[in-house]
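If you read the sequence shown in our numbering, its first letter stands for residue 1, the second for the next number, and so on. Even for Gly, the Cβ is constructed at its ideal location relative to N, Cα and C. Bear in mind that the values here come from a model prediction, so they are computed numbers and not experimental data. A quick write-up on the structure given underneath.
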Amino acid sequence: MGLFKNEAEQKENFVTLQEKGYVRFENLPLETKDGRHINVEFVANAYKEASGIVIQCNIRDITDRVKLTESFKASELRYRRLFETAQDGILILDFQTGLISDVNKFLGGTI
């Protein structure tokens, strides 16, 4: 049945491909032949050739990128919580301009 198990969704995506000439999906779950679950980016392009319209599909494993993004978000959340709850005054300077870009509540200010 393909990448999409819902037949109506498959048909809708095919219509989009015909109208726009491409469809793109990010972070689709996919089960490999050996039973592993990975995240993929799926891109399909439709273009004209002498023999007719050709549909080219590219599927890229983005599992590592997804894990890295999730790790980054978790790290950012931990940093943000620490910044906001610290009992010490913390300010953040913009590296290029030297201007204050953020101040925690302990310093009593907001930008």
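Task: Span of the alpha helix (DSSP H), counted from its first residue to its last, around residue 95 - done: Looking at the DSSP string, residue 95 is not in any alpha helix (DSSP H), and its letter there is neither H nor E.
Open item on the list: Short of 6 angstroms in beta carbon distance, which residues of its chain neighbour residue 17, apart from the five on each side in sequence? Order them along the chain.
Closed with: 23, 44, 46, listed in sequence order.
Task: residue 1 versus residue 7 - alpha carbon distance - done: The predicted position of residue 1 is uncertain, since its pLDDT is 39 and thus under 50; a value taken from the coordinates is nonetheless stated next. Spanning the two alpha carbons is a distance of roughly 8 angstroms.
Open item on the list: With H, G and I counted as helix, E and B as strand and the rest as coil, what does DSSP make of residue 88?
Closed with: In the structure shown, residue 88 falls within a coil segment according to DSSP collapsed to helix, strand and coil.
Task: Whole-number beta carbon distance between residue 105 and residue 84, since they are thought to touch under 8 angstroms - done: Beta-carbon to beta-carbon, residue 84 and residue 105 are separated by about 7 angstroms, close enough to satisfy the 8 angstroms threshold.
Task: Between the CA atoms of residue 63 and residue 36 - distance to the nearest angstrom - done: If I take the Cα positions, the gap works out to 11 angstroms.
- [ ] Give the C-beta separation of residue 60 and residue 31 to the nearest angstrom, bearing in mind that I take them to be a contact with Cβ-Cβ under 8 angstroms.
- [x] Residue 31 and residue 60 do not touch by the CB rule: their CB atoms are close to 16 angstroms apart, not below 8 angstroms.
Open item on the list: Rounded to the nearest angstrom, what separates residue 82 and residue 72 at their Cα positions?
Closed with: Distance between residue 82 and residue 72, taken at the CA atoms: about 15 angstroms.
Open item on the list: Can you find the residues in the same chain that come closer than 8 angstroms, C-beta to C-beta, to residue 87, ignoring five residues on each side of it along the sequence?
Closed with: Answer for residue 87: 106, listed in chain order.
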